Every structure is written in C-alpha cells, then in structure tokens.
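Protein chains in written order, with this note's numbering: chain A, 1 to 265; chain B, 266 to 641; chain C, 642 to 926.
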Amino acid sequence: MKNKTYLPNIYLGVILLLMYVPIVLVILYSFNESKISSVWDGFSLKWYEELFRDRSLFESLRNSIILGVASSCAAAVIGTLGAVGSSKVQMRGKGVMEYISTLPIMIPEIILGMVFMVFFSLIGLPFGMMTLIIAHTAFCIPYVFMLVKARLVGLDKSLEEAALDLGASKIRAFFDIVLPLIAPAIASGMLLAFAMSFDDVIISVFVTGVDSNTLPLKIYSQLKTGVTPKINALCTLMFVATILLCGLSILLGREKKPKKPAENV
Amino acid sequence: MRKVLASILALALLVASLAACGNGETGSTTDPSGAADNTSASADETSTGDAEGSTELVLYTWESMFPQEVLDAFEADTGIRVNYVNFDTDETMLAKLEAAEGGDYDLVIADDYIIETAIAEGLVTELDKTQLPSIGNVNPIYQGQFFDPEDKYTVPYGAGVQTIVYDPNAVDIEITGYADLWDPSLASNIGITSNFRVMNGMALKVMGESYNTEDVAVIEEAGKKMLELAPNIRLIKDDNIQDDLISGEIGAAVMYTSQVTMAMLANPELKVVYPTEGIGFGIMGMFIPSNAPHSDAAYKFIEYILDPETAAQCFEYLGYYCTNSAAEAYINEEYKSFLTLPEDFTGDTEMIQNISAEAEEAHTKIWTEFQAATGN
Amino acid sequence: MKRAKFKKEALMLLPLYLFTLVFIVGPLVYMVILSFLQRAETWGVTSEFTLKNYLDILEPVYLQTFAESFKLAIISTVLIMLIGYPFGYFMAKLTAKWKKRTMMLLMIPFWTSSLIRLYGWIIIFRANGVFDKMLMGLGITDAPLKLLYTYPAVVVGMVYALLPFMIFSVYSSAEKLDWSLIEAARDLGASRIRAFLTVTLKLTLPGLLSGVILSFIPSMGLFFIADILGGNKVVLVGSLIQNQLMKAHNWPFAAALAVILTILTSVMIALYRKLSGVKDLEGIV
Numbered sequence: 001m002k003n004k005t006y007l008p009n010i011y012l013g014v015i016l017l018l019m020y021v022p023i024v025l026v027i028l029y030s031f032n033e034s035k036i037s038s039v040w041d042g043f044s045l046k047w048y049e050e051l052f053r054d055r056s057l058f059e060s061l062r063n064s065i066i067l068g069v070a071s072s073c074a075a076a077v078i079g080t081l082g083a084v085g086s087s088k089v090q091m092r093g094k095g096v097m098e099y100i101s102t103l104p105i106m107i108p109e110i111i112l113g114m115v116f117m118v119f120f121s122l123i124g125l126p127f128g129m130m131t132l133i134i135a136h137t138a139f140c141i142p143y144v145f146m147l148v149k150a151r152l153v154g155l156d157k158s159l160e161e162a163a164l165d166l167g168a169s170k171i172r173a174f175f176d177i178v179l180p181l182i183a184p185a186i187a188s189g190m191l192l193a194f195a196m197s198f199d200d201v202i203i204s205v206f207v208t209g210v211d212s213n214t215l216p217l218k219i220y221s222q223l224k225t226g227v228t229p230k231i232n233a234l235c236t237l238m239f240v241a242t243i244l245l246c247g248l249s250i251l252l253g254r255e256k257k258p259k260k261p262a263e264n265v
Numbered sequence: 266m267r268k269v270l271a272s273i274l275a276l277a278l279l280v281a282s283l284a285a286c287g288n289g290e291t292g293s294t295t296d297p298s299g300a301a302d303n304t305s306a307s308a309d310e311t312s313t314g315d316a317e318g319s320t321e322l323v324l325y326t327w328e329s330m331f332p333q334e335v336l337d338a339f340e341a342d343t344g345i346r347v348n349y350v351n352f353d354t355d356e357t358m359l360a361k362l363e364a365a366e367g368g369d370y371d372l373v374i375a376d377d378y379i380i381e382t383a384i385a386e387g388l389v390t391e392l393d394k395t396q397l398p399s400i401g402n403v404n405p406i407y408q409g410q411f412f413d414p415e416d417k418y419t420v421p422y423g424a425g426v427q428t429i430v431y432d433p434n435a436v437d438i439e440i441t442g443y444a445d446l447w448d449p450s451l452a453s454n455i456g457i458t459s460n461f462r463v464m465n466g467m468a469l470k471v472m473g474e475s476y477n478t479e480d481v482a483v484i485e486e487a488g489k490k491m492l493e494l495a496p497n498i499r500l501i502k503d504d505n506i507q508d509d510l511i512s513g514e515i516g517a518a519v520m521y522t523s524q525v526t527m528a529m530l531a532n533p534e535l536k537v538v539y540p541t542e543g544i545g546f547g548i549m550g551m552f553i554p555s556n557a558p559h560s561d562a563a564y565k566f567i568e569y570i571l572d573p574e575t576a577a578q579c580f581e582y583l584g585y586y587c588t589n590s591a592a593e594a595y596i597n598e599e600y601k602s603f604l605t606l607p608e609d610f611t612g613d614t615e616m617i618q619n620i621s622a623e624a625e626e627a628h629t630k631i632w633t634e635f636q637a638a639t640g641n
Numbered sequence: 642m643k644r645a646k647f648k649k650e651a652l653m654l655l656p657l658y659l660f661t662l663v664f665i666v667g668p669l670v671y672m673v674i675l676s677f678l679q680r681a682e683t684w685g686v687t688s689e690f691t692l693k694n695y696l697d698i699l700e701p702v703y704l705q706t707f708a709e710s711f712k713l714a715i716i717s718t719v720l721i722m723l724i725g726y727p728f729g730y731f732m733a734k735l736t737a738k739w740k741k742r743t744m745m746l747l748m749i750p751f752w753t754s755s756l757i758r759l760y761g762w763i764i765i766f767r768a769n770g771v772f773d774k775m776l777m778g779l780g781i782t783d784a785p786l787k788l789l790y791t792y793p794a795v796v797v798g799m800v801y802a803l804l805p806f807m808i809f810s811v812y813s814s815a816e817k818l819d820w821s822l823i824e825a826a827r828d829l830g831a832s833r834i835r836a837f838l839t840v841t842l843k844l845t846l847p848g849l850l851s852g853v854i855l856s857f858i859p860s861m862g863l864f865f866i867a868d869i870l871g872g873n874k875v876v877l878v879g880s881l882i883q884n885q886l887m888k889a890h891n892w893p894f895a896a897a898l899a900v901i902l903t904i905l906t907s908v909m910i911a912l913y914r915k916l917s918g919v920k921d922l923e924g925i926v
C-alpha cells in the first residue's frame, strides 16, 4: 500500500464536491417556483414547460451543436494531417508554422475574437455560421494537432515500416496501421475541441451573425438581461444528458475487456 | 479513458446528426454559405410565393423589445416569419451592419446617436411614407430630432430618460439630483450603467455643463469629479440593474426608463428622481438598412406596430415612454405614469449627440480611470 | 544523395499551412497594421500611419489597467496552483479505476456551460444568498456580507473557471512520474519533503508551469467573469479591449492593446519553454 493516509483522498473529494456546488444549486433552482433565486417558493416544473416552448433557445442549441461538430471535424482532418505530415517532413520554417498554428489557444481569446472580427469585415466575409466555423476551427485545430503529435512521438515506427516492407502502399499503411493507432488521440482532441467550441462565448460574440446565435451567447445575453430559471432548466437537462452519455460509455467500455492497462488522457 | 471519450464523442455526433435532421423545417440556417449570402438564404423560403412578398423579416435590436404575443400575432396575420436577432450594444449593431454593408438585416431598432452615424455612413434607406399610412400616429414631440431632422429615415419607437431610483429604506438621505449621489453616506451602495457618455454626463451636469461639450479640459474636470464618486459605486451594469435594487444588493441606481418601470412595478415603495440638474433624453428609432433583403416585410412590420392598440401593448411591455400619441388612450392606467414624463417636470432635457473624436477619447479615458477607481 | 526531393507527405501539411496562413497569419498581420493606423473622426479608420495608439498605452490609466490585470492574474494563478497541484498529484497516485472516475468527474463540469456555473456562484454570493444564509444560520455573521460584485468574488470565479486546466496539466505530468525514483530517494534516506522537492517537484515542473501558463493567460482576457461576478469594477486588459472595440469604437487602439498583450503572452510562453525544456504545453496533450 502506497497510501497509508486517507488525507489525499479526502482532499480530492472535497475539491470535487466544491466544484459541483454551483452546478447543484443551479439544478435545484430550476425547480423553484419563484423567478428570483434568492427566494424558494416551492417545487415547480413550470420552467421546464417554458423551456420547451422557447423556440429560439432550441435554435441556439442546434446552432451550437452544428458549430461544435463542424469545427471539431474540420479540426480533426486538418490537425491530424498536419501532425502526421509534420512527423515525416523536415523543412525550414516548420517550427515557426507550428507555433503560429497553435497560437489560437495560447493568446487570450479576446484577441482572437477581435482579429477575426476586423479581418472578416476587411475581406467582406458576411458574419454567420461560416465565420463562426472558421473562427472555432482555428482554436480547435491546436487541440487535435498537439494530441496527435504527442501520440505519434510515442508510436512505434517499426510497425509502419514493416507494413511498407511487406508491400503495402503508403496510403494503405497509413489507413491500416497509423490511423488506428492515433485514433484515440484524434478522438480525444476532437472531444476537447467540441467541448471548447460548445462553451465559447468570447470569440463567438465577435463573429456571430444573423441566424447563428449559439447557446452560450443566448445564455450570456439572458444572464445579463434577466435570467429566468428556464436557463437553469436547460442546464439541468444538459447536465443529465452528459451524465447519461458518460454512464453509457462506461457500460459500453465494460463489455470489452481492456487489453492494456488504462491509458491516460 | 480514451475509449470512453471516443464513445462520448460518437454519441455527441449522433445527437448532432439527429438535431440536424430535425432542422429541415426551419429553413436554410444550417447551410453556411446559404446563411452567409442573404439572397440565396431567403430564396428557398420565398420560392413558393415571391410575388406576394417576403416571408421572412430579420429584426435586429436588443433583447426583449417586443412582447412575444405581438410577434406571434404579426406572424399569424401576415405569414411573415420574424427572425429576431439581438445585439447587446448600439456599437455592435453598427459594426455588424457595416460589415454586412447594410444587408442581412431588414429592420433595426437602435438609439438616436448611432442612427445619426448610420445615416451618415449611408447604411439607412429613406423611408417610403406611402407604405406607412399610420405614420401620423407618432407623437410629434419625438420627431424632427438631431439624428433625423426631416424624419426621412426613422420612425421613433420608445423614448427614455436616465433617472435615479432609490430605496428609501436603504438610503439615509433624500436624493433630489445627481449631486446627492456623491454623498458619503451612499458608500458602495450605488449601481450605474456603463454608458459612459451618460455617466460622465452626470458630473458634467453637476458642473453645469452640457452633455455634449467638446472642451477636453471640461471633460477632464468631470473626470476628477467622477473619481470622487467611485467609492460609492457598487456595480456597473447595463442590464437588469433593477434586480439588484429590488434584491437589496444596492440602495440607489441610475437607470433607463424601462428598468424604472420594472423596478416600480416590483416594488412601489421605491422612489424615482428626475434630477434637478437636468436629464439626458434619448429616443430609439426604427430604420430599414440600405440593402435590407426583405424591406417590404419591414414596412409591414412598422405599419403593424404603429397601430394604436398594438403599440399600447408594446409600450406596456417595453416600459419606455410611448412615442405613439394615438396609443396613449389604450395604455393601462397602472402603467400610464411610467410611460410619460411627469407633467410637473421642470428641469432641462438634453439629448446626447455625437461629439468629436478627441472629446470622445477624453470621455473613454476618464471613464477607464473612474472604472479602475471603483475596483479599489 | 539526391537534391532535397519533394516528399509527397508534405502535401499533408498543406491544409494546416493554408488555414494557418489565411486565417491566423492574415488576421494577426492585419491586427498589427491596424494598430498603426489612425482612428477616423466618427467611425472606422483612416490609412494614416501613426504611433499614437502605442503612445496612448503609456498613459498611466492604461498602464494601470495592465498592472491590475497582472495582479488579478497572479493572485488567481497562485491560488489555482495551490489548489490544483496537490489535486493533480494525488490524482496520479490513485488506482487506475479511480483515476478514470475522477477524470470523469472533472470532465462533467467541463461539459456544462461555464456561464451557468458562474451563475451558480451568483446564487451563492448574492445578498441573502446561500452563503449569507449559511453564515447567518451558523451565527457567524448577522448581516448579509454582500460578497457579490467584490474582488474576492472575481477571484473565486477565475479560480473556479481555470482550475481544471491546472489539474489536467499537473496530472499528466505526475502520471508519467516514475514512483520508484521517489522510493529510491526515500530509501537513500531523503526526508519526505526533500524527496518531494528534489525529485517529484522537479519532474512535474513542466506540468506545473504549463498549468500556470494555461491559467495565467486566459485570466487576463476573461472579461465576462469581471462583468458578471465583479460588477464591472475590475478593468482587465480584456475588458479594455472589448470596450475600445465595441463601445468607444477605437479599433486601432484596441489593436495596439492586443499587440502588446500578444507580445507579453509570447514572452511568457517562450519563458516556459526555456524553463521546462518542453516544447508543447503539458496537459493539453
């Protein structure tokens, strides 16, 4: 036994608990009859009813999902190709290019939002879903790129070489050998990218247009202009959905006995 | 762990594709290029009956400017779907409108001074009054103002003043004007908006100056005055400030007319103060951008809103001064006192107008100094 | 040897490089150009070269804004470090099963809107809110503390929003740690603290530093936390940029502020690379 004391575990538990306190409160107040969160007027489901009547809220949810999926997918393609390519090609300026391409997650979001806004208006690209997707793709790429690159570094090159020796084409070797090996990294990069995109306020504020209100923007404007517990209700549903997805994935994961010890993220 | 994440992602994708399927009925919003190009975006929706006119109206204004019932009734009566897009500040609106070169949006409602700029930038269509038979319902007091002296471009929709509202139970003194806000007993008890022209303007008014002074020395003087106010400021926010007053977070607040209406309805014990030094006056106007894709729908909407009964419904919801004289007869007694200036008001009113870039920069600077001082 | 032959694999880099050039280099270059232009009298910019925007930043009020931003970022980052480092470290010591579960528990809030989570803090902090009621119920205080719209509220918001990044960074570093090294150090008679300082801390330094970067940089730009929890009273460089852009509509000045902030950020990242000897930020990876 390495741990003789339970103190570390208690610490972990307490911090995790604190992280959930605000969320639990938001959920609790979604069932509050009163509109004001400082009063508890009794249990009610009326905010859920209102939620389901609010067309614009669902439209913004749909926009957010589309945006998250589109930009994380675009980032997956561009980022993966870039990472694989970069592991095979040596050329001047590569380091600089890589540094610049990861800038979007290094510099404060506000700057990114701002430069996109002025740039899009300079080149005359109309604000809307397209500008949102470009801007989000920009900050999604680094996640995929960096994760895949790190995975490639730890990869056993001999497998691919063996495949090539056995006469497989480069493309074949890529799809049959390399891709399956880096797939987990791509997936977790996409997942991270999706989560970031799904939650982004700052960049979206600058590049959104007609018909492309995203959920965080909607929440932000509601937070500022009179939040009703409708938002709490929506958050509760999203929270439940997340937990269900996690639970489901655990169940799915359990069926296959892992061959290797658990990997880290 | 990665496997777990991968399956979460797979499910997320599934949900997303389901959501995307369910979206067929609402139109072309998912197609990025379609959404970007306003002609093609509307094309597939209007294709069935374009001889009859547009079937969509892109309304661009702040959140909560119209009651949902009015929008629903308009949709039901005309068959035009209202796409309500909101901005948070006038400046965002202008930036977006400029980027879209006066396109994308059909009807914009914004503040007077920004409309002046928009007109100067050529982003506003001259109104065709023949399409607005009810234009005579507008209260002439609100017409012919600086931003549109000949009423060629705009139809007023609501007007307001900045007033002080306070809770007599949470404040020790009687407030009659801006100068009282400097009282030390109000330490960390005041909420203000972040409209720096209006807020710096309080100091200017206390000094007996105009809101629109372009004398940088005077503005800097006002900045010093503002720094003295900083210890009394608890919060700076534009929206919902009345909630903080109602919940007891602050004792006094400078707020917009609509917020005053909401605050008074929630707590009639609050006191409204029309500052003796004079007050800032603002008008919101509706205008049609120069390249509005569905301007016919915009005219229909303006005309619809000019109807006295509909207007009364709107202003009761909006809580700003009613700019439609024909509508006044329909406004509920309970609201009447909030929706017009008190008759015994004797102070000056002054509209806030655009000033020189130099003066504007001075304003920004003293405001930043002031804001930083409130944080200490 | 043949002359540097063109490798087909280089084509794979094409999408990334194209995207980077058009949508990252392009906008950034434009930002730099913009920062040297003059603001037009009413609206927009004129194409006249000027250094005015940079000179304006030297005004005490704007320098103070940078200083205030740094202060808040440092306070938040130190707190995040103090809370996050032990968390990441202890987490790495858990069994595989519990690691997985803890990671899951950390990821779930990540998927809930960060704005909503901030809203939860409003419920806690507001006058007569949960926190006040709790303290008054326990008899510790007898009047509402009015914590909302104060500096501590902003700090709590920052720490709460950015803590996961520190945890992930430290964890991924500590995960790779060879525990036998520490045991060896202990066997050789090093005290627990000494073993920690000489071995553990040194080996997890890249993670720690990357966590610092990942919390420090965003904390200068997260204007909506200062907005929602701080009543807009703390002016961050982020808020200043946003104000200049959206309210004062002085794009060149906003651009100049952004250029300076970008340079400061890059310097920090370069420093990180130098200190940790690692090229990529630990934790994201």
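The beta-carbon is built from N, C-alpha and C at its ideal position, and this holds for glycine as well.
Please read these numbers as outputs of a predicted model, since none were measured by experiment.
- Judged by beta-carbon spacing, residue 545 (chain B) lies beyond the 8 Å limit of residue 499 (chain B), meaning their Cβ atoms are not closer than that value.
- Exclusion of the five residues before and after residue 840 (chain C) leaves 822, 823, 826 as the residues of its chain whose Cβ lies within less than 7 Å of its Cβ.
- Leaving aside the five residues that flank residue 493 (chain B) on each side, the residues in its chain whose CB is nearer than 7 Å to its CB run, in chain order, 447.
- Under the Cβ distance rule, residue 705 (chain C) counts among the residues neighbouring chain B, one pair being separated by less than 8 Å.
- Near chain A, meaning a CB-to-CB distance below 7 Å, the residues of the region 658-673 of chain C are 658, 660, 661, 664, 665, 666, 667, 668, 669, 671, 672.
- Using a CB distance cut-off of 8 Å, residue 556 (chain B) does not count as an interface residue toward chain A.
- For residue 845 (chain C), the closest Cβ of chain A is not nearer than 8 Å.
- At a cut-off of 8 Å between C-beta atoms, residue 195 (chain A) counts as an interface residue with respect to chain C.
- A contact between stretches requires three or more CB pairs, one per stretch, nearer than 8 Å, and the region 108-121 of chain A fails this requirement with the region 75-95 of chain A.
- Under DSSP, the beta-bridge partners assigned to residue 348 (chain B) are B:323.
- Residue-level contact check: residue 700 (chain C) does not touch chain A, since none of the beta carbons of chain A fall below 8 Å from its beta carbon.
- Taking one beta carbon from each stretch, the region 707-714 of chain C and the region 864-881 of chain C have 3 or more pairs nearer than 8 Å; the two touch.
- Between the region 119-135 of chain A and the region 178-193 of chain A, the count of C-beta pairs closer than 8 Å stays below three; the two stretches do not touch.
- Residue contact check for residue 513 (chain B) against chain C: a CB pair falls below 8 Å.
- Here residue 337 (chain B) is exposed. Its C-beta has fewer than 16 other C-beta atoms within 10 Å.
- In this model, residue 851 (chain C) and residue 913 (chain C) are separated by some 7 Å (Cα to Cα).
- Judged by pairs of C-beta atoms under 8 Å, the region 686-693 of chain C does not touch the region 771-786 of chain C, as fewer than three such pairs exist.
- Distances from the CA of residue 369 (chain B) to each of B:388, B:382, B:505 were compared; the closest alpha carbon is that of B:388.
- The closest CA to that of residue 451 (chain B), considering only B:580, B:374, B:432, B:373, is found on B:432.
- Counting only the Cα atoms, residue 430 (chain B) lies some 20 Å from residue 767 (chain C).
- Judged by their CB atoms, residue 552 (chain B) and residue 379 (chain B) are not nearer to each other than the 8 Å cut-off.
- When the alpha-carbon of residue 722 (chain C) is set against those of C:910, C:846, C:670, the nearest one is in C:846.
- With respect to the C-alpha of residue 206 (chain A), the residue from A:128, A:198, A:183, A:237 having the closest C-alpha is A:128.
- Taking a 10 Å sphere around the C-beta of residue 110 (chain A), we find 16 or more other C-beta atoms and assign the residue as buried.
- The beta carbon of residue 467 (chain B) sits closer than 6 Å to those of 443, all from its chain and outside the five residues before and after it, given in chain order.
- Excluding its 5 nearest sequence neighbours in each direction, residue 574 (chain B) has C-beta neighbours in its own chain below 6 Å: 595, listed in chain order.
- Residue 213 (chain A) sits in coil when the DSSP states are folded into three classes, being neither helix nor strand.
- By a beta-carbon distance limit of 8 Å, residue 749 (chain C) does not contact residue 898 (chain C). Their separation comes to about 36 Å.
- The three-state reading of DSSP puts residue 5 (chain A) in coil, since its state is none of H, G, I, E or B.
- Residue 233 (chain A) has no beta-bridge partner at all, per DSSP.
- Residues of chain A whose Cβ lies closer than 8 Å to the Cβ of residue 732 (chain C) are, in chain order, 12.
- Against chain B, a Cβ distance below 8 Å from residue 792 (chain C) picks out 640.
- Counting every other CB atom within 10 Å of its CB across the protein chains shown gives residue 10 (chain A) a total below 16, marking it as exposed.
- Using a CB distance cut-off of 8 Å, residue 862 (chain C) counts as an interface residue toward chain A.
- Under the 8 Å criterion on CB atoms, residue 889 (chain C) is classed as interfacial with respect to chain B.
- Taking 3 residues as the shortest admissible run, the region 32-98 of chain A contains no complete beta strand (DSSP E) segment at all.
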